[in-house]
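Trainee: Let me begin by handing over the structure; questions about it come next.
Protein chains: 2
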Amino acid sequence: MHLRVNGDQVVVAHRGRVLIRHQADKPWLCVGRGSATYDMHKGNFTIEDSLAEKVPLSKLEAYAEGLSDEVTSVRLVASGRGGVTVCADVSLDRHGDVVVVFSPCPQDASGTSVEAWNRWWIRVPSEPGEAVFGCGEQFSHLNLRGRRFPLWVSEQGVGRNKKTYETFLADTHEGAGGDYYTTYFPQPTFVSSQKYYFHVETSGYSVFDFRDKDAHQIEIWGAPPSVRIGVDETFAGVLERLTAYMGRQPELPEWVYDGVWLGLQGGTDVVDAKLRRARNAGVQVAAVWAQDWQGKRITPFGKQLMWNWRWDRNLYPNLDKAIPEWRRQGIRFLGYINCFLAIEGDLYEEAKKKGYLARNREGHPYHVVITSFPAAMVDLTNPNAVAWLKRLIQREMIDLGLSGWMADFGEYLPTDAVLYNGRAEELHNQWPTLWARVNREAVEEYGRLGRVIFFMRAGYSHSGKYTTMVWAGDQNVDWSRDDGLPSVIPSALSLGMSGVGLHHSDIGGYTTLFHIKRSKELFMRWAEQAAFTVLMRTHEGNRPDDNWQFDGDEETLRHFARMSQVHVALKPYLQHLVRENSQRGMPVVRPIFLHYENEPYWYDVQDAYLLGRDVLVAPVLQEQVVERKIRLPQDEWIHLWSGHSYHGGEVAVAAPLGEPPVFYRASSPYKELFESVRSVVSHPKKFLGR
Amino acid sequence: MHLRVNGDQVVVAHRGRVLIRHQADKPWLCVGRGSATYDMHKGNFTIEDSLAEKVPLSKLEAYAEGLSDEVTSVRLVASGRGGVTVCADVSLDRHGDVVVVFSPCPQDASGTSVEAWNRWWIRVPSEPGEAVFGCGEQFSHLNLRGRRFPLWVSEQGVGRNKKTYETFLADTHEGAGGDYYTTYFPQPTFVSSQKYYFHVETSGYSVFDFRDKDAHQIEIWGAPPSVRIGVDETFAGVLERLTAYMGRQPELPEWVYDGVWLGLQGGTDVVDAKLRRARNAGVQVAAVWAQDWQGKRITPFGKQLMWNWRWDRNLYPNLDKAIPEWRRQGIRFLGYINCFLAIEGDLYEEAKKKGYLARNREGHPYHVVITSFPAAMVDLTNPNAVAWLKRLIQREMIDLGLSGWMADFGEYLPTDAVLYNGRAEELHNQWPTLWARVNREAVEEYGRLGRVIFFMRAGYSHSGKYTTMVWAGDQNVDWSRDDGLPSVIPSALSLGMSGVGLHHSDIGGYTTLFHIKRSKELFMRWAEQAAFTVLMRTHEGNRPDDNWQFDGDEETLRHFARMSQVHVALKPYLQHLVRENSQRGMPVVRPIFLHYENEPYWYDVQDAYLLGRDVLVAPVLQEQVVERKIRLPQDEWIHLWSGHSYHGGEVAVAAPLGEPPVFYRASSPYKELFESVRSVVSHPKKFLGR
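Respectively, the protein sequence lines represent chains A and B.
Per our numbering, residue 5 is the first one in the first sequence, and the count goes up by one each step.
Per our numbering, residue 5 is the first one in the second sequence, and the count goes up by one each step.
Below is the structure:
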C-alpha cells in the first residue's frame, strides 16, 4: 500500500487505486447514533431513521509500518469534535486484499464507547466516468452509478417502478409496489470499473449512494463494520478475489442439464400426464418440480401451498412409487419448502411445543402474514431448531426421493421478533444466509451434495457460499423493464458481479395480478432467454389458469421442445462454465464488459450478456419484435442460427420466435458444439413473425 | 414563567403549560450543518438534505432572573460535545408571549460560529390526546397530530394523495402530483389544543413532525431561528395573541358582499353577454373577474394568459368605457396579475433593460417554466424593481378602473436564482410575502385600501398582514378528499388557525386534466359551500369547455341565483365576522372546536365548520347524496331551511340541491337575519334528489 499525508489530507492507495482520500471538510469517516423504525407489510418494508447525533471525524492521523510507498499496514486514528476517536487498522490479507477493521481507540476522550456508535458513514473516492456494479441482485440497473441503493432483504415488489400503473396498483392495494432497489438478495458489495471490489462486513441496513461525483457515500447501521477491498488488473481478477473471500458455489449435479425442469402441480396423475405430453412433443425434461407435493390451499392471491412439510398422500397418491419410476425414465422429482410453518399443521404444533419458533414480544409464536394467511417461523438462531429442521428435510424430503427443492422466502424476519440468540434487527439481513445454511447442511451432512440441489431467491453476504442455485424470484408475467422479462438479465449480471454466479428465473414469470396475465409470446421469449442460462425451469405462476403455459398449444410445445433441445445441446459448455464459477468465481451469465474491459460502452448494456466467454446472447425482450439491433464487441462472432460471421460493431439480425439473437466466438474451443446446435434441433415450423 | 431544574432536567413552563422539557438523552435543542439540493419542476420541489454533522446539546444550564416560580427571563445555555454552546434567552414580550432568541454564547469552546449551524432541531413537549392545527394552509388534514409536515412554498399538486389514480397520472406526467403536505401557503406556526401557539421565525425549509408521542420535533434549516409561544385560556385568546404578533387583514370593501364574483373570459362583449344572462336569471353579481383582460394564449394545458400586464385592447375593446358603465349597474371589474413577465412582452424588455429581473447564475434573466411556457420574474428584493412594479399596477390596473385582481403565483423562486439582495434559498419561502407586500403597497400608497382588493394563493409567515384575501388555489374539479371540494374546508380552517382569517375558493375548482371534468352537480354543491363563506367567486377552470359552468343550463342558473341571494342576505353577518377577524384575528370560517373547546371530538372534524359564532355549515361533499348526518355541539341549533330546532348530538337532515345542511344558533343576535334567508330566496323548483 501507499500512504501520503499532506497537511490535513491523507491518501491510502493500493496497486495504483486510491482507496481512502481524507480531508478535513470531506472526512473519510463519520459516526453517529440513531434509532430506526421498520414497518413491515407482507415482506415490504418502510424504514426510517431518527438520527440523534452525527460526528464527522475531521481529523485523520496515520501511523504506518514500512516505507510510505510500500507500507504493509496503517493505523488510522480518526477523530472529531469532543475527542470522539475511532481506530482503523488497514492491512493486507494473504491474498493481498485490503482489510479495514474499526476498533475502540485508546486516544478516545469522548466518553462514548465505539459500540454506542450505530451509524457509520464511509466516503470512497470515485472517478469521473467510473461505473459500479453489484450490490447483490439488482433488477433495474446494472450500472449503479448515479443512483442510491438502500440494501435490505425484502420482497422485490410488484412493478418496481413508481411510474408504472402496475406499481401504482400494487402500492395502492398492499403497499407492495417496490422500487428500483428493492430486492430479495441485496449485498453490501460493489465492483468498480476501477477494478476493485469493496465489501462491507455488516448485517445491518445500509445505503450505497453512488450519486456524488467525487465519492461513493456508504452508510451502515449497526455494530462497527469492517471493510474489504480487493484490487486487481482485470474484472475477472477482482471477482476471483471477491469469491476467494466470500466463497463459491459447488458444481451442479450432472442431471441438471439434461433438459427443462417442468413446474407442475395438481397431483401424481396430473403431473404424470403433463410430463408425458411434454416428452411426446419432444421436450427434453430433466426434472419435474411439484411445489404442491405437500398440499395446497386456495387464497385470494391464487393457488398457494400448505406449508406443512410432509408428503400430501391425498394429493400425491403413490408418490413414493412414482418417484423411482420417473427416475428410471431419467426424470428427477423436486419439491418445495420454505422457512415458515403453517399454523394449521402438526409440524407447527411440534415446533411450538419444543420452543423452536421465533416469538413476538408477548412470548407467543410470531405469526407473520405472507400473502393472505399467517404462518410461524422456525427460529434459525436456535441450534436445536436448526437440527430439527435439517432432520425434517432429510427425513421428509430426501428420504422420499426428492432430488431437490425450492427453498423459498427468507425475507420476512420482523425486526421486533424475539430470537433464541441475537437481535432481529441485526439478523434480518442474515436470515436468508441462515436459511441457505440449513438447506446446505441438510444436503451435505446427508452426503448428497452434488446430487441434490436446492434453489433460493433470498440472499445476503455469505449466502452465496451455502446456496446451490439462485432463482430470480417473482417477476411479473409481463415485458416491463423493472419487473418483467428484461429484469432477469441485470439481476443475473449484478449478482454475478457480487460473487454469485449460478442464477436462473421462472420461465414466463410468476406474479399474475390485476390485468397482468402471461401471454403466449412472453412465455416463448422467456423460454428462449432461459435456454441460454444454466437452467431452464417453468413456473405456472400464482394464477395458473390466467397464464399461458408450456402446453398451451402445439406451437408453444414445439417451440419449447426446440429450446429444451438447444439447452441440452449446450450441456458440455454449461458444465464447463459452472466449473469455472466453482473454481474462480466467474459467473455463468456475464456482463459483456467482463471480457471487453476497455470499452465503457458495455458498462450500461443490460439487455444482452455473455454466456461464458464465448457466447453472446441478445434476447428479444419486447413484444411483437422480430428483429434486433445489437452492438457486438470487437471479435469474430458467428450468428448461431444462420452461421453468418460478424466482426464487431452494430449489427441487425432477424429474430423470429425460435431464433433469439445469439452469437458465438469463431475462436471458441466449443465452436463445433455450437455449430451442432443448428443440426440437433428440429427446424421451427411456423412461429409468429414468419 | 416557571423554571424547574432537577439534575440534568430543565423544565420551563408558562401559565401552566410546559414549553421546554429538557433531559440529557432527550435534549431540547440540537444543532447541525447540512447542504440541501432543491430540484424544482414547474413549482413542484424535491428537496434532499446532506447532513454533515448533528450535535445534540445534551447539557442545559438555566440562569434566571426572579423567583423560580415567577421568573421574568431565563438564559439557557445549551451545550454539547466538544464545547458546542448556544445561548437562548427566554423572555416575555409586552403581550405576555414567550420569546426565545438564540445567540452565540461566550461559553462556546467549539470554534464553530453560531452562523455555521444551519440545521436546528427543537423538541416541544407534547401530551397524550393533544391535537395540533395550523402550519399554514393545509388541504388534507385539520388535526396535524400523527403526521409530518415539511413546510416549503410550492405548487399544491394535482391529486395530493399517492393512493389516487389522478395523483399517479400527475406524478407520471410531470412529477406534479403533490402530497398531503404540499401547499402554496405553509407557515411554521401551530396551535396546540393545550391552548398555545408556537411560531418559528425563519424563512428556511422546515419540518414540523407531530408523530412522536412525547414531543413535537421541529427541524429548521438556515440561520438561527427565534421562537414565539403564546399561551392563553381559550383558542380565541391564542389566536388573538398570534395575530397581534403576525398582523391581521383589513376589513373588506363594502361592495364585496353584494353578490358573486363571476369569473368570465373572452372579451368585452362576451363578458357583458354572460353578465346579462346571469343577472336576468336573478344571480346577484358584485363583480366580474376577467383574468384575460391582458390577453391570452393557447397552450397544451389549456387557455392561459399572456402575462404582459397591460389592457389587451384587441380582446377587450372599449374596456375603459365598459368598466364605468358596469359600475353604474353596481358591478365592479376585476383583473389579474402575477409575479412573472411574459418574455414576449414589452414589460419584460423594459424590466430586463433596467436590471429588474431575477437572474440565473450566468447573469441572464432567469426563465422559469410554469405550465408549458417560460417566463421571467421581477426581482422583488430590488427596491427600484418593486417601485416600478407598484407603479405598473397603479397605472395599468387601478387607473383603468380595476377594483381588484388575482395576484397569482409566488411559489416559483428557484433556489439558485441570483437576486439583488439576499440568497434565493433563504428567500424562497418569503417570496409570496414580498409579492403580497407589492400589491398591498400599490393599493395602500394609492389611497385605495378598503376599496380595491387583491387575492392570493401563495403565502408564508407575515404575508397575512399584507394580503387582503386568500383563495385556495387550484383544486381539481372533483370530489376528492385531498384536492377536490372537501379539501377547501381544512384549507380555510388551518389557515384560520395560522392567523389568516379571510379565505375562499374557486367555485367548481380549477384543474381540469386527464379524465377530470367538472360536473353539474359538483358546481352546484361547491356554490352551496361558497355561499357560506366570506366570498363567492367562480372560475371557468383551465379547460373551460370541459367544465360545467354557472350558465350550463337553466337549473344551474336558478340554483346559482338562489345561492347568490342567500349569500347577499348574510351580508351584515359576514361584515360583522370580517370586522372580528380584523380586530381580533377570529377567522370567518372557524373549526367547530374554536367555540366548543372541551370536546376533543371536534379536533378531527373537517367536513363541517362554523361560519362565525352562530352558523354551523355541514356542506354536502359527496356525489349523489341528498341527506347528511352530522353531530351538532351542545347548543340550540335551528335548521336554516326547515326551521326545525335541534339540541346537539347526532342529527340527519335532508340535503337536496339548494339546501345544504346549515344551522344557526337560536340565541344568535342575528337570528332574525338568518330567519329572513328562508323568505328572501326563491324556493328551488326542481333539483337533483327531489
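Using N, Cα and C, we set each Cβ at its ideal position, and we do this for glycine too.
1. Starting from residue 284 of chain A, follow the alpha helix (DSSP H) in both directions and report where the run begins and ends.
2. Quick one: what does DSSP say residue 86 of chain A is sitting in, helix, strand or coil?
3. Return the residue from the list A:657, A:653 and A:185 that minimises the CA-CA distance to residue 646 of chain A.
4. Apart from the five residues on each side of it in sequence, which residues of its chain come closer than 6 Å, Cβ to Cβ, to residue 595 of chain B?
5. Taking the straight line between their C-alpha atoms, what separation do you get for residue 70 of chain B and residue 457 of chain B?
6. Listing by chain order, which chain A residues have their CB less than 8 Å from the CB of residue 167 of chain B?
7. Below 7 Å CB to CB, which residues in the same chain sit around residue 237 of chain B once its five sequence neighbours on both sides are set aside?
8. From residue 678 of chain A to residue 579 of chain A, what distance separates their C-alpha atoms?
9. Run the CB neighbour count on residue 302 of chain A, radius 10 Å, all protein chains shown included, and call it buried at 16 or more, exposed below.
10. With distances taken from CA atoms, which of B:161, B:167 and B:191 is nearest residue 181 of chain B?
11. Please report the straight-line C-alpha distance between residue 605 of chain B and residue 640 of chain B, rounded to a whole angstrom.
12. List the residues of chain B whose Cβ lies closer than 8 Å to the Cβ of residue 172 of chain A, in chain order.
13. So the alpha helix (DSSP H) residue 36 of chain A belongs to, where does it begin and stop?
14. Indicate whether at least one CB of chain A lies closer than 8 Å to the CB of residue 59 of chain B.
15. Within the present structure, is the beta-carbon of residue 524 of chain B separated from the nearest heavy atom of the ligand PLP by less than 7 Å?
16. Could you check what DSSP says for residue 421 of chain B in three-state terms: helix, strand or coil?
17. Strictly under 8 Å for the Cβ-Cβ distance: is residue 25 of chain B near chain A by that measure?
18. So is residue 86 of chain B in contact with chain A if we call contact Cβ pairs under 8 Å?
19. Provide the residue span of the beta strand (DSSP E) that contains residue 69 of chain B, from first to last.
20. Please determine if the segment 261 to 280 of chain B and the segment 289 to 303 of chain B are in contact, where contact requires at least 3 C-beta pairs separated by less than 8 Å.
21. Check distances from the C-beta atoms of the segment 104 to 127 of chain A to those of chain B and list, in chain order, the residues that come in under 8 Å.
22. Check whether the Cβ atoms of residue 256 of chain B and residue 35 of chain B lie closer than 8 Å to each other.
23. What does residue 56 of chain A touch in chain B if you count any residue whose Cβ is under 7 Å from its own?
24. State the CB to CB distance for the pair residue 2 of chain A and residue 428 of chain A, rounded to an integer number of angstroms; the pair is presumed to be in contact (CB under 8 Å).
25. Check whether the segment 353 to 370 of chain A touches the segment 404 to 416 of chain A, counting contact only when three or more Cβ pairs, one atom from each stretch, lie closer than 8 Å.
26. What are the start and end residues of the alpha helix (DSSP H) that includes residue 249 of chain B?
27. Is it true that the segment 188 to 207 of chain A meets the segment 154 to 168 of chain A, where meeting means three or more beta-carbon pairs spaced less than 8 Å apart?
28. How big is the Cα-Cα spacing for residue 126 of chain B and residue 610 of chain B?
29. Would you mind giving the Cβ-Cβ distance between residue 341 of chain A and residue 401 of chain A, rounded to the nearest angstrom? I have them listed as a contact below 8 Å.
30. Helix, strand or coil, according to DSSP, for residue 535 of chain B in the structure here?
31. Where residue 91 of chain B and residue 111 of chain B are concerned, what is the direct C-alpha to C-alpha distance, given to the nearest angstrom?
32. Cβ of residue 688 of chain A less than 8 Å from any chain B Cβ?
33. Any beta-carbon of chain B closer than 8 Å to the one on residue 8 of chain A?
34. Buried or exposed: which applies to residue 206 of chain A, given that a residue is buried once 16 or more other Cβ atoms fall within 10 Å of its Cβ?
35. Would DSSP call residue 435 of chain B helix, strand or coil?
Mentor: If we stick to the structure as given:
1. 272 to 284
2. helix
3. A:657
4. 497
5. 49 Å
6. 175 and 176
7. 199
8. 14 Å
9. exposed
10. B:161
11. 18 Å
12. 169 and 172
13. Where residue 36 of chain A is concerned, there is no enclosing alpha helix (DSSP H), although the beta strand (DSSP E) it sits in stretches over 33 to 45.
14. yes
15. The ligand PLP is absent from the structure shown, which contains no ligand whatsoever.
16. coil
17. no
18. yes
19. 63 to 71
20. yes
21. 114
22. no
23. 60
24. The first residue shown for chain A is 5 and the last is 694, placing residue 2 of chain A beyond what the model contains.
25. no
26. 239 to 250
27. yes
28. 29 Å
29. 7 Å
30. helix
31. 9 Å
32. In this prediction, residue 688 of chain A scores a pLDDT of 47, lower than 50, which makes its location untrustworthy; the coordinate-derived value is nonetheless stated afterwards. Answer no: the Cβ-Cβ gap between residue 688 of chain A and chain B never drops below 8 Å.
33. no
34. buried
35. helix
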